[in-house]
Amino acid sequence: EKGGFDHFMLKEIYEQPRSIRDCMRGRINCEQGKIALGGIKEYAEKLKNVERIIIVACGTSWHAGLTGEYLIEEYSRIPVEVEYASEFRYRNPIITEKDVVVAISQSGETADTMAAIEIAKEKGATIFGICNVVGASIPRITHAGVYTHAGPEIGVASTKAFTAQVTVLTLMALYIAQQKGTLTTSKLTSLLTELNGIPEKIQAVLATNELIKNIAEKVKDSRNCLFLGRGSGFPVALEGALKLKEISYIHAEGYPAAEMKHGPIALIDKEMPVVFIATKNSSYEKVVSNIQEVKARKGIVIAIVTSGDREVEKMVDYCIEIPDADEAFLPLLATIPLQLLAYHIAVMRGCNVDQPRNLAKSVTVE
Ligand code: M6R
Numbered sequence: 247e248k249g250g251f252d253h254f255m256l257k258e259i260y261e262q263p264r265s266i267r268d269c270m271r272g273r274i275n276c277e278q279g280k281i282a283l284g285g286i287k288e289y290a291e292k293l294k295n296v297e298r299i300i301i302v303a304c305g306t307s308w309h310a311g312l313t314g315e316y317l318i319e320e321y322s323r324i325p326v327e328v329e330y331a332s333e334f335r336y337r338n339p340i341i342t343e344k345d346v347v348v349a350i351s352q353s354g355e356t357a358d359t360m361a362a363i364e365i366a367k368e369k370g371a372t373i374f375g376i377c378n379v380v381g382a383s384i385p386r387i388t389h390a391g392v393y394t395h396a397g398p399e400i401g402v403a404s405t406k407a408f409t410a411q412v413t414v415l416t417l418m419a420l421y422i423a424q425q426k427g428t429l430t431t432s433k434l435t436s437l438l439t440e441l442n443g444i445p446e447k448i449q450a451v452l453a454t455n456e457l458i459k460n461i462a463e464k465v466k467d468s469r470n471c472l473f474l475g476r477g478s479g480f481p482v483a484l485e486g487a488l489k490l491k492e493i494s495y496i497h498a499e500g501y502p503a504a505e506m507k508h509g510p511i512a513l514i515d516k517e518m519p520v521v522f523i524a525t526k527n528s529s530y531e532k533v534v535s536n537i538q539e540v541k542a543r544k545g546i547v548i549a550i551v552t553s554g555d556r557e558v559e560k561m562v563d564y565c566i567e568i569p570d571a572d573e574a575f576l577p578l579l580a581t582i583p584l585q586l587l588a589y590h591i592a593v594m595r596g597c598n599v600d601q602p603r604n605l606a607k608s609v610t611v612e
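Those letters in the sequence shown? Residues 247 to 612, by the UniProt record's numbering.
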């Protein structure tokens, strides 16, 4: 059942080229630059005029929500707020019938996310779900939704469900842009063509597995680890830190790279691994200077870089190259090495990777 892999988590990491393809199947037409999302098509008009989108989720799904904020604001120019479902439900949130609330949940059973949906529904908002488990509770209480179609995820640490959620959010952002006309057909065509090529690029990232295993060997005994990124690399940093802490029990924190100097920099010494998302995009130069700041304090730097980057390679301890891609698609690629890094470290530390202590696959209590 593990398909020859030692753990479900590794199997699910390797499934991502296929799960992302399944998620896009029948939804994109690259030649015509068109997106079809059957589950929400009745709301196409609503989306055209919506003034605000609120995303609610927990854990990894909340990280996917942050990538969604970036994508939707960038392409459809609609303001997005991303909320922890647990906070939202107890905050007397300001919601009106004009709002669209998007609830993201792999299991479709998370108690806090369900409660947040009920509150938003009472206030008259339109609720969409982004779920993986077909027929779960959340898809039954939402007005409409888009399934991720990643297939069953057994490992408690979410991997393929996350990249499928990000894929759906990308499709949703482009779908809204298509309705609103905020992107030209030629831009949509080029973005969809690139999105369509992402599974193949993920295959290339998976080929760095042995290198990542070697890096894991070097840092597996660390007590702490920092993950830093900017822009769409920030949610990737948060997700990398969550993966590491939940399965290896190493204390890990994700931060926007520029926040480093407002506190976390005090932690850096020769024992501290710092993982940077340092791909060639709009924040590249800024991230490079953050790397220099960490190296000046003798931190151990692991950098996720765009293939062919020799500049960062010279500065850091370990480099993992990923294929070049539009900034919007960075989370889909840069997350993969972090999943593998967490996996190998946890295995080397003798942890129960698929069922980490104190955690359940679906959190049905608040
Ligand atoms: O099923 P959900 O997506 O609603 O679950 C939300 C979180 O409980 C979940 O993402 C959790 O953080 C995972 N263990 C992360 O790997």
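Built from N, CA and C at the ideal position, the CB exists for glycine as well.
Residue(s) in a DSSP beta bridge with residue i
i, result
"G375", "A349, G391"
"Y501", "L474"
"N275", "K280"
"C269", "Its beta-bridge partners do not exist; DSSP assigns none."
"T552", "I568"
"F334", "Per DSSP, none; premise fails for F334."
"E327", "I300"
"V547", "V520"
Residue i to residue j span [Cα, whole Å]
i, j, result
"Q424", "E355", "31 Å"
"N338", "K248", "45 Å"
"L420", "L312", "16 Å"
"V611", "D358", "8 Å"
"N604", "K491", "12 Å"
"residue 194", "D467", "Since the displayed the chain opens at 247 and closes at 612, residue 194 lies outside it and no answer follows."
"N295", "K426", "8 Å"
"T416", "L317", "6 Å"
"A282", "V562", "43 Å"
"P602", "M594", "14 Å"
"I300", "Y501", "22 Å"
"A366", "V347", "7 Å"
"C304", "F480", "17 Å"
"V402", "L488", "12 Å"
"Q411", "I514", "33 Å"
"G279", "L578", "20 Å"
"M506", "G545", "13 Å"
"M418", "P325", "14 Å"
"E463", "A588", "11 Å"
"C565", "T413", "26 Å"
"Q449", "I568", "10 Å"
"A382", "T342", "26 Å"
"L438", "F575", "11 Å"
"A498", "I384", "30 Å"
"E327", "E517", "37 Å"
"E315", "T306", "14 Å"
"L293", "T428", "13 Å"
Simplified DSSP assignment, three categories, for residue i
i, result
"E539", "helix"
"H253", "coil"
"G479", "helix"
"P583", "helix"
"I286", "helix"
"V303", "The amino acid occupying residue 303 in the given sequence is Ala; Val does not appear at that position. Strand at A303."
"K280", "strand"
"Y495", "coil"
"V520", "strand"
"V562", "coil"
"I422", "helix"
"K507", "helix"
"T454", "coil"
"G354", "coil"
"Q601", "coil"
"L490", "helix"
Per-residue burial, residue i [other beta carbons within 10 Å of its own, 16 or more giving buried]
i, result
"D572", "exposed"
"E291", "exposed"
"R386", "exposed"
"G391", "buried"
"R469", "exposed"
"R273", "buried"
"D555", "buried"
"G370", "exposed"
"P445", "buried"
"A606", "exposed"
"K406", "buried"
"E380", "Looking at the sequence shown, residue 380 is not Glu but Val. Exposed: under 16 other Cβ atoms inside 10 Å."
"E485", "buried"
"T409", "buried"
"I422", "buried"
"R323", "exposed"
"P583", "buried"
"Y336", "exposed"
Below-8 Å beta-carbon distance, residue i vs any chain C residue
i, result
"L578", "Structure shown: chain C not included; a single protein chain is present."
| field | Beta carbon nearer than 5 Å to a non-hydrogen atom of the ligand M6R | value | C304, G305, T306, S307, S351, Q352, S353, T356, A403, S404, V609
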